[in-house]
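Start counting the sequence shown at 4; every next residue gets the next number (this note's numbering).
We put the CB at the ideal spot given by N, CA and C, even for glycine.
Given the structure is predicted, the values throughout are model-derived calculations rather than measurements.
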Amino acid sequence: MMIRYQPRIRPSFLTPPRTYRHPQNAATRALWAFSLFLVFGSLFAPARTVDATTPPNALIILADDCTFNDLPVYGGVNAKTPNLDQFATEGMVFNHAYLAEAMCQPCRAELYTGQYPMRNGCAWNHSSSLSETQSMPHHLGKIGYRVGLAGKVHVAPRKAFPFEKVDGFEPACTHNPTRPHDLSSVREFITRSGDEPFCLVVALVDPHVPWVMGDASKYPPAELELPPNIADTELTREAFSRYLAEITYMDGQVGELLSMLDSTGHTDDTLVMFSSEQGSQFPGNKWTNWDTGLHTALIARWPGVVPRGVRTDALVQYADVLPTLVDVASGTVDTDAFDGTSFLPVLKQQTDTHRQYVYGVHNNVPEGPPYPVRSISNGTYRYIRNLSPNNLYIEKHVMGTQHETNVARNYWRTWVWDSTTSPDIYNLVLRYQHRPAETLYHTASDPYEMQNLIGSDSTASIHQELSSELDRWLESQGDPGIDQDTIATHRAAKQGNHLYRAPAAKSDSN
Numbered sequence: 004m005m006i007r008y009q010p011r012i013r014p015s016f017l018t019p020p021r022t023y024r025h026p027q028n029a030a031t032r033a034l035w036a037f038s039l040f041l042v043f044g045s046l047f048a049p050a051r052t053v054d055a056t057t058p059p060n061a062l063i064i065l066a067d068d069c070t071f072n073d074l075p076v077y078g079g080v081n082a083k084t085p086n087l088d089q090f091a092t093e094g095m096v097f098n099h100a101y102l103a104e105a106m107c108q109p110c111r112a113e114l115y116t117g118q119y120p121m122r123n124g125c126a127w128n129h130s131s132s133l134s135e136t137q138s139m140p141h142h143l144g145k146i147g148y149r150v151g152l153a154g155k156v157h158v159a160p161r162k163a164f165p166f167e168k169v170d171g172f173e174p175a176c177t178h179n180p181t182r183p184h185d186l187s188s189v190r191e192f193i194t195r196s197g198d199e200p201f202c203l204v205v206a207l208v209d210p211h212v213p214w215v216m217g218d219a220s221k222y223p224p225a226e227l228e229l230p231p232n233i234a235d236t237e238l239t240r241e242a243f244s245r246y247l248a249e250i251t252y253m254d255g256q257v258g259e260l261l262s263m264l265d266s267t268g269h270t271d272d273t274l275v276m277f278s279s280e281q282g283s284q285f286p287g288n289k290w291t292n293w294d295t296g297l298h299t300a301l302i303a304r305w306p307g308v309v310p311r312g313v314r315t316d317a318l319v320q321y322a323d324v325l326p327t328l329v330d331v332a333s334g335t336v337d338t339d340a341f342d343g344t345s346f347l348p349v350l351k352q353q354t355d356t357h358r359q360y361v362y363g364v365h366n367n368v369p370e371g372p373p374y375p376v377r378s379i380s381n382g383t384y385r386y387i388r389n390l391s392p393n394n395l396y397i398e399k400h401v402m403g404t405q406h407e408t409n410v411a412r413n414y415w416r417t418w419v420w421d422s423t424t425s426p427d428i429y430n431l432v433l434r435y436q437h438r439p440a441e442t443l444y445h446t447a448s449d450p451y452e453m454q455n456l457i458g459s460d461s462t463a464s465i466h467q468e469l470s471s472e473l474d475r476w477l478e479s480q481g482d483p484g485i486d487q488d489t490i491a492t493h494r495a496a497k498q499g500n501h502l503y504r505a506p507a508a509k510s511d512s513n
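Spelled out as structure tokens, the structure:
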């Protein structure tokens, strides 16, 4: 499929107002020209002298609840994302990037700490990391970086995540459509005078529900091609249309941020990473350990270092990002501080391999009754272990809303209703709520993981390999399994009194 790339959105601050008039006399023209020199000279000039040995700035752009393969860069056939399409041609696309837990808070805690959920303490949504946890501001701050966060926060406690607050983007978990984003504070942060490099995370809240941003008329519901793990009902199509519109809205924000980086003279001295976070809130993605939950988009651009327009099959995980940034900044990584390891050699295209395995966890409290899940993937096969297979899986945000008028929160009832007459929809509901103790998928040929290979003679050896490695990893993390997914353990962690802790951090050399 050929993708037509479009130019990025021209920032409004570069467009003169329509009422503008040129000065009429020489003195005024001279004063006007000098003023422009002062304003734009400081705006466009790099904030510091840059050479080949200077650590780069870092800009990390996060989407929110965006299934990776709904993006055209990863094969999506519906969404329009011209800015991300263009960005992908300027850097490296990771085909196999993952996170450990498909929920907003645990995956962000993993990203910001370089540690798995058990190690940093945030193993549930709406909880808390350990107070002694060290994160991006600590590790990069001590080597001279200014570290800021704009947009969604959703990590705690503040002591563990002391980012400089940067205004301009929605800080809550969902988008207030009456509050437009504003780049002025972000621009001030990256152009602030001084010799310190910056690391800025811009955490967008799109396309997180309730899907109220963007122009859904661009995505007529009847014309959409739904993924096979999403039930085809009229209300679901309408919801998917709004979700796609918000993906395009998110893409516009990405374009504005990249254009601002251009206009401030920081394109060449900044490592930019974009990630889509976990999968969307549609059943089978977020809050699950299937590939469409834990697999994330990851694209990196660093002019002069990262080759343009390349893809890598290297297996990486969110826990690897912070060690990579530290490596990029200083070349020295304290391996005992992280579970992840630096993939800088992959960025430099010195290798196309990194990890052997990526790992996943799910603790369902407080989003529903206990339903603990653990998983492992080698990028080709995925093994999932459901620790309470006799329980009924319930996710309250998808299934439990009452008197809700927003289509993003009430389509589930049409799945249940239509399951009485549609075997396909019945099987999707069954797959979501009733899961066997073990599943094994050949994800490379079954990307939506519909065919369970447990019991097949041809996959017995890979089943044993992945199961044994998952056991090893869980033991190394001090994971108590079922006992971790309870109301009591979640409540204690939220109050900073974690009942279970991992052994001392040590880089995972799988």
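- The beta-bridge partner set that DSSP reports for alanine 496 is empty.
- In the three-state reduction of the DSSP assignment, threonine 57 falls in the coil class.
- Residue burial is scored here from C-beta neighbours: proline 109 has at least 16 other C-beta atoms within 10 angstroms and is therefore classed as buried.
- Look at valine 361 here: in three-state DSSP terms it is strand.
- DSSP places methionine 121 within a helical segment (H, G or I) once states are collapsed to three.
- Each of His269, Glu370, Thr116 was checked against the Cα of alanine 340, and the nearest Cα belongs to Thr116.
- Looking only at Val96, Pro120, Leu264, the smallest Cα-Cα distance to proline 506 is reached by Pro120.
- Lysine 145 and arginine 494 have their C-alpha atoms roughly 33 Å apart.
- The segment 236 to 247 and the segment 435 to 443 do not touch, with fewer than three beta-carbon pairs separated by less than 8 Å.
- A straight line joining the alpha-carbon of glutamate 104 with that of proline 373 spans about 15 Å.
- Using a C-beta cut-off of 8 Å, the segment 88 to 106 makes contact with the segment 302 to 315, since at least three inter-stretch Cβ pairs fall below that distance.
- Listed in chain order, the alpha helix (DSSP H) runs fully inside the segment 170 to 244 are 187 to 194, counting runs of at least 4 residues.
- Rounded to the nearest angstrom, the gap between the Cα atoms of valine 257 and leucine 297 is 22 Å.
- Runs of beta strand (DSSP E) with 3 or more residues, each lying fully within the segment 72 to 139, are found at 95 to 101, listed in chain order.
- Membership of threonine 299 in the beta strand (DSSP E) is indicated by the continuous run 298 to 304.
- The beta carbon of arginine 111 sits closer than 7 Å to those of His157, Val158, all from its chain and outside the five residues before and after it, given in chain order.
- Of the residues Tyr435, Ala163, Pro210, the one whose Cα lies closest to the Cα of threonine 177 is Pro210.
- In the structure shown, arginine 377 falls within a strand segment according to DSSP collapsed to helix, strand and coil.
- Counting C-beta atoms within 10 angstroms of its own C-beta, threonine 424 has fewer than 16 neighbours from the protein chains shown and is therefore classed as exposed.
- Distance from the Cα of arginine 182 is smallest, within the candidate group Ala242, Thr489, Met216, Val205, for Met216.
- Glutamine 320 is bridged by DSSP to Tyr101.
- Residue state for arginine 149 is assigned as strand, using DSSP reduced to three classes.
- Each of Leu431, Ser278, Arg311, Met263 was checked against the Cα of leucine 207, and the nearest Cα belongs to Ser278.
- Residue burial is scored here from C-beta neighbours: aspartate 218 has fewer than 16 other C-beta atoms within 10 angstroms and is therefore classed as exposed.
- Rounded to the nearest whole angstrom, the C-alpha separation of aspartate 342 and aspartate 323 is 8 Å.
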